[in-house]
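Engineer:
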Amino acid sequence: MLGALLAVILALGITGTTLFVTKIKPPIDSANEFLAAVDDGRFESAFAQLCSADRRDTSPADLEAFLAVFYGRELVSGYQVNPFDVDIDGDSATVGFDADSLDDDEKFELPLRKESGEWRPCFADALDDLG
């Protein structure tokens, strides 16, 4: 009986790890790369990571101002992605993150789109959802 319970626990652990690595981790990695570039002021690098719709509709020079408007404040810094706040719906996802400049009860979400097998920040999708 104990052996069967341990086998079930092991199977659940392997399944959970596989699910995390294949489904949840890629959007988290994309969010971390983008937010690190923004936090470091590397807007050319951040721009290159955006989805094709965002790259078409904005420029690297406008990215900093756009992000400040999108998030409704000065650009956030000292970010931390929340690995438990990832919502994936087909080829769209959001990844929640906190930042040093936020109040304890505030959080932001980074919208992402899967293009050519890669997760990319995509504000066009979020703006379409707003109106």
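Going left to right, the sequence shown walks through residues 353 to 483 as our numbering numbers them.
Just so it is clear, CB atoms sit at the ideal spot from N, CA and C, and this is done for glycine as well.
Quick caveat: nothing in here was measured; it's all calculated off a predicted structure.
Confirm, please, whether the CB-CB distance from residue 378 to residue 438 is below 7 Å.
Structural biologist: Cβ distance not < 7 Å, so residue 438 and residue 378 don't count as in contact.
Engineer: Suppose contacts are defined by Cβ-Cβ distances below 7 Å. Is residue 449 in contact with residue 460 by that definition?
Structural biologist: It is a contact, given that the beta carbons lie within the stated cut-off.
Engineer: Would you mind working out which of 356, 420, 469, 464 sits nearest residue 477, comparing C-alpha positions?
Structural biologist: Considering only alpha carbons, the answer is 464.
Engineer: Measuring alpha carbon to alpha carbon, tell me which of 411, 451, 444 ends up nearest residue 468.
Structural biologist: The shortest Cα separation from residue 468 among 411, 451, 444 belongs to 444.
Engineer: Look up residue 444 in the DSSP assignment and give the residues it is bridged to.
Structural biologist: In the DSSP output, where bridge partners are listed per residue, residue 444 has 441, 465.
Engineer: Ordered along the chain, which non-local residues of its own chain (more than five positions away) have a Cβ less than 7 Å from that of residue 472?
Structural biologist: Excluding sequence neighbours, residue 472 sits near 382, 401, 402, 403, 464, 465.
Engineer: Give the straight-line distance between the Cα atoms of residue 393 and residue 442, rounded to the nearest whole angstrom.
Structural biologist: When rounded, the distance between both Cα atoms is 31 Å.
Engineer: With a CB to CB cut of under 7 Å and the five nearest residues on each side skipped, what residues in its chain are close to residue 398?
Structural biologist: Around residue 398: 386, 389, 390, 415.
Engineer: Do the CB positions of residue 413 and residue 430 come within less than 7 Å of each other?
Structural biologist: For residue 413 and residue 430, no; Cβs fall outside 7 Å.
Engineer: Could you check the C-alpha separation between residue 396 and residue 440 for me, to the nearest Å?
Structural biologist: Between residue 396 and residue 440, the C-alpha separation is close to 27 Å.
Engineer: Do residue 474 and residue 409 have their C-beta atoms closer together than 7 Å?
Structural biologist: Not closer than 7 Å, so no.
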